[in-house]
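Residue numbers (mature numbering (1 follows the signal peptide of the UniProt record, and there is no 0)): -26 to -1, 1 to 304.
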């Protein structure tokens, strides 16, 4: 598992070079509404207005957790991007039972353009992405690309509300999309009411890297936002260190910035949680000394916490709220 994809410039150039040949061979129709004789609808994105078929049926989901968002709306993608390396159907176990077919794995930061074009999609979902024009330009000749909505400025910073609504607009499922959003927002409201103590404490969210170093997530990342939506306060200089990104690596002398009333940390490599329990730098934090350090070691919970989709957030709340409550009772 990675911390969430960090911006990379130029990684899509080779794929883009062969794009015209690929889309030509796939026989893509430039009119998104002509496949079924229906009209089109307009979706506003950071890359401008995009025209999509009124009722798309052949959908590809390339953005972070876009496949889960589509499944929650009753639409099963033909192809998916397995960002969290779930394997199998490429989605989290909280929506796996909604998959009836065998979605094609299409790659993440460097999507397989040829495989995507071969699926002849009506629309490509890419609502949680790196925001790059290069990625958009590479995919747009294949099919209409529904990227993040206007206003998203942090890479991969589309909130679960924005993602749900953007995917719902693309798939002509706005009513169901609002139901999904309302249901989860109501759950957050209920949890804040049940746990008013959350609002009295600060939080920090960190990750243990493959090289044995640490990093931190900041507001605008779905993990940190989940906790602030529960009422916690993010009180840290880490946001400035991230410099407009959702994540920042931490030098050893900066790990103390993860200290807060409550610190949540998880390993990016499966099975590495034990190393955190004995890491002298992490265990030296005041929050660790006061038993207010939560080390996530259940991979399903880590994945749910990282998914950022509405179904994934529901699953994360199931597992993390009891841990938060227990830590604050210390």
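We put the beta carbon where it would ideally sit given N, CA and C, even for glycine.
A contact is defined here as three or more CB-CB pairs under 8 Å, and the segment 41 to 49 meets this definition with respect to the segment 136 to 148. In the three-state reduction of the DSSP assignment, residue 266 falls in the coil class, being assigned neither a helical nor a strand state.
When DSSP states are grouped into helix, strand and coil, residue 98 belongs to the strand group.
At least 9 Å separates the beta-carbon of residue 49 from that of residue 90. Residue burial is scored here from C-beta neighbours: residue 265 has fewer than 16 other C-beta atoms within 10 angstroms and is therefore classed as exposed. The beta carbons of residue 208 and residue 178 sit closer together than 9 Å. Nearest to residue 16 by alpha-carbon distance, out of 62, 63, 118, 53, is 118. Taking C-alpha positions only, residue 193 is separated from residue 276 by approximately 18 Å. In the DSSP assignment, residue 22 falls within the beta strand (DSSP E) that extends over 22 to 27. Going by DSSP, residue 172 is part of no alpha helix (DSSP H) at all; its letter is neither H nor E. Our two residues, residue 255 and residue 229, have alpha carbons roughly 7 Å apart in a direct line.
Distances from the CA of residue 22 to each of 114, 175, 164, 157 were compared; the closest alpha carbon is that of 114. According to the DSSP assignment, residue 296 belongs to the alpha helix (DSSP H) that extends over 284 to 302.
Spanning the alpha carbons of residue 262 and residue 222 requires a straight line of approximately 21 Å.
The beta carbon of residue 38 sits closer than 6 Å to the beta carbons of 57, 102, 130 from its chain, once the five residues preceding and following it are set aside; these are given in chain order.
Distance from the CA atom of residue 196 to the CA atom of residue 281, rounded to whole angstroms, is 8 Å.
If you draw a straight line from the Cα of residue 274 to the Cα of residue 292, it comes to about 11 Å.
One thing to note: residue 53 has its Cβ no nearer than 9 Å to the Cβ of residue 30. Taking a cut-off of 8 Å for Cβ pairs, the segment 151 to 169 and the segment 59 to 69 do not touch, as fewer than three such pairs fall below it.
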